[in-house]
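Participant: The structure follows.
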Amino acid sequence: MKLQIPNAFRQKLLARETTVGLWLSTGSPTLAEMAGVCGYDWLLLDGEHAPNDIPLLMSQLQAVNASSSAAIGRPPVNDQTLIKQYLDIGFYNLLIPFIESREQAEYAVAATRYPPEGVRGVAGMTRASAYGTEPEYFKQVNQNIGVILQIESRAGVDAVEDIVAVDGVDAIFIGPSDLSAAYGHLGQPQHPEVQQAIAHVHEVANAAGKASGILAVVPEDAQRYISMGVSFVGIGVDLSVYKNALVGLRNRF
Numbered sequence: 001m002k003l004q005i006p007n008a009f010r011q012k013l014l015a016r017e018t019t020v021g022l023w024l025s026t027g028s029p030t031l032a033e034m035a036g037v038c039g040y041d042w043l044l045l046d047g048e049h050a051p052n053d054i055p056l057l058m059s060q061l062q063a064v065n066a067s068s069s070a071a072i073g074r075p076p077v078n079d080q081t082l083i084k085q086y087l088d089i090g091f092y093n094l095l096i097p098f099i100e101s102r103e104q105a106e107y108a109v110a111a112t113r114y115p116p117e118g119v120r121g122v123a124g125m126t127r128a129s130a131y132g133t134e135p136e137y138f139k140q141v142n143q144n145i146g147v148i149l150q151i152e153s154r155a156g157v158d159a160v161e162d163i164v165a166v167d168g169v170d171a172i173f174i175g176p177s178d179l180s181a182a183y184g185h186l187g188q189p190q191h192p193e194v195q196q197a198i199a200h201v202h203e204v205a206n207a208a209g210k211a212s213g214i215l216a217v218v219p220e221d222a223q224r225y226i227s228m229g230v231s232f233v234g235i236g237v238d239l240s241v242y243k244n245a246l247v248g249l250r251n252r253f
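At position 222 of the sequence shown (counting the first as 1) the number is 222 in the UniProt record's numbering, and the numbers step up by one without a gap.
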């Protein structure tokens, strides 16, 4: 396990450098490894909507770590115990879902920091610290964890000014599918009311000097968001890419 200090992906977030990535939802270390050699800036390992547990996530993380792509972990919930486990297996970047208040944002950031800056529990023999062989990990990791908070509800949109103001929040990620449901337009992320909410969240994050991100699997949508200034964009989901390729191949015959 090579220490990711400094965390190059977090530095790109803070600089609001444009990056593109892929959602990994199959739970397959082989497909994670394959995605890693394809040159994406980042790969998100999903623990919220994919059939993943901690051991399976670690296997995929090991595969991604062998590539140049940054790994982002998404726990299923904003829970300090789960966040601790994600960090201990070696994630340096986390996307934490369903944030709706300043208090929830502060709770999430605290979970990623060792005391006195936070509440993360200390264990010596973890993959994160190269199984205790890298003392520099404990000295420097608090300043090298990327924290991305996901806005995907009306309450989150309403509280976004308070959320982005929390120290340690590096970026805001917009969940268009859940926002469309929250605004009464399930399956219609292009609805004007949903697009207005997306634009508002991006504008607030931008005004606060924070990066914003979004998942946009339609290329034209992804390009439009990049043109708006959204700086890290998920441009595909592995399951969808795989399905579309299979269907396209079958339809040829």
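C-beta atoms are modelled at their ideal positions from N, C-alpha and C, and glycine is treated no differently.
1. Residues in the same chain with beta-carbon distance under 8 Å from I89, minus the five sequence neighbours each way, listed in chain order, please.
2. Excluding the five sequence neighbours on either side, which residues of its own chain have a C-beta within less than 8 Å of the C-beta of A50, listed in chain order?
3. Looking only at C-alpha atoms, which of I235, T30 and I226 sits nearest to L215?
4. What ranges does the alpha helix (DSSP H) occupy inside the segment 78-166, keeping only unbroken runs of at least 4 residues that lie completely in it?
5. Buried or exposed for D167, please, with buried defined as at least 16 other CB atoms from any protein chain shown within 10 angstroms of its CB.
6. Please look up how many angstroms separate the CB atoms of Q80 and V119, rounded, as I've assumed it's under 8 Å.
7. Per DSSP, S231 is paired with what?
8. Using the beta-carbon count (16 or more within 10 Å), is P97 buried or exposed?
9. To the nearest angstrom, report how far apart W42 and I72 are at their CA atoms.
10. Using CA atoms only, rank isn't needed, just tell me which of T18, Y225, A199 and I83 is closest to V157.
11. Roughly how many angstroms separate the alpha carbons of N206 and N251, rounded to a whole number?
12. With distance defined between alpha-carbon atoms, name the residue in E17, A108 and S180 nearest to K210.
13. What are the start and end residues of the alpha helix (DSSP H) that includes R10?
14. In or out: L94 buried (at least 16 other Cβ within 10 Å) or exposed?
15. Give me, in chain order, the residues of the same chain whose beta-carbon lies closer than 7 Å to that of A111; leave out the 5 immediate sequence neighbours on both sides.
16. Could you check whether A159 and S101 sit closer than 8 Å to each other, using their CB atoms as the reference points?
Facilitator: Based on what the coordinates show:
1. Walking along the sequence shown from the start, residue 89 turns up at place 89. The answer, listed in chain order, is I54, L57, M58, L61, T126, R127 and A128.
2. As a first step, residue 50 is located in the sequence shown; it is residue number 50 there, counting from the start. So the qualifying residues of the chain are L24, S25, T26 and G27.
3. As a first step, residue 215 is located in the sequence shown; it is residue number 215 there, counting from the start. Closest by alpha carbon: I235.
4. 80-88, 102-111, 136-140, 154-158 and 160-164
5. By one-based count along the sequence shown, residue 167 stands at place 167. With fewer than 16 Cβ atoms within 10 Å of its Cβ, D167 is classed as exposed.
6. The residue given as residue 80 occupies position 80 in the sequence shown. The residue given as residue 119 occupies position 119 in the sequence shown. Rounded, the Cβ-Cβ distance is 6 Å, consistent with contact.
7. Start at 1 with the first residue of the sequence shown, and residue 231 comes out as number 231. Beta-bridge pairing links S231 to no other residue.
8. On the sequence shown, position 97 is the one that residue 97 refers to. The residue in question, P97, is buried, as its Cβ has 16 or more Cβ neighbours within 10 Å.
9. Taking the sequence shown and counting its residues from 1, one reaches residue 42 at position 42. Taking the sequence shown and counting its residues from 1, one reaches residue 72 at position 72. Taking the straight line joining both Cα atoms gives about 7 Å.
10. The residue you call residue 157 lines up with position 157 of the sequence shown. Checking every option, the nearest Cα to that of V157 belongs to A199.
11. Taking the first residue of the sequence shown as position 1, residue 206 is located at position 206. Taking the first residue of the sequence shown as position 1, residue 251 is located at position 251. The alpha-carbon atoms of N206 and N251 are separated by roughly 44 Å.
12. If you number the sequence shown from 1, residue 210 lands on position 210. Minimum Cα distance to K210 is reached at E17.
13. Here the question's residue 10 lines up with position 10 in the sequence shown. From DSSP, the alpha helix (DSSP H) with R10 extends over A8 to L14.
14. If you number the sequence shown from 1, residue 94 lands on position 94. Looking at its Cβ environment, which holds 16 or more other Cβ atoms inside 10 Å, L94 is buried.
15. Residue 111 sits at position 111 when you count from the first residue of the sequence shown. These residues qualify, in order along the chain: Q80, I83, K84, G118, V119 and R120.
16. Stepping through the sequence shown from its first residue, residue 101 is reached at position 101. Stepping through the sequence shown from its first residue, residue 159 is reached at position 159. With contacts defined as CB atoms closer than 8 Å, S101 and A159 qualify as a contacting pair.
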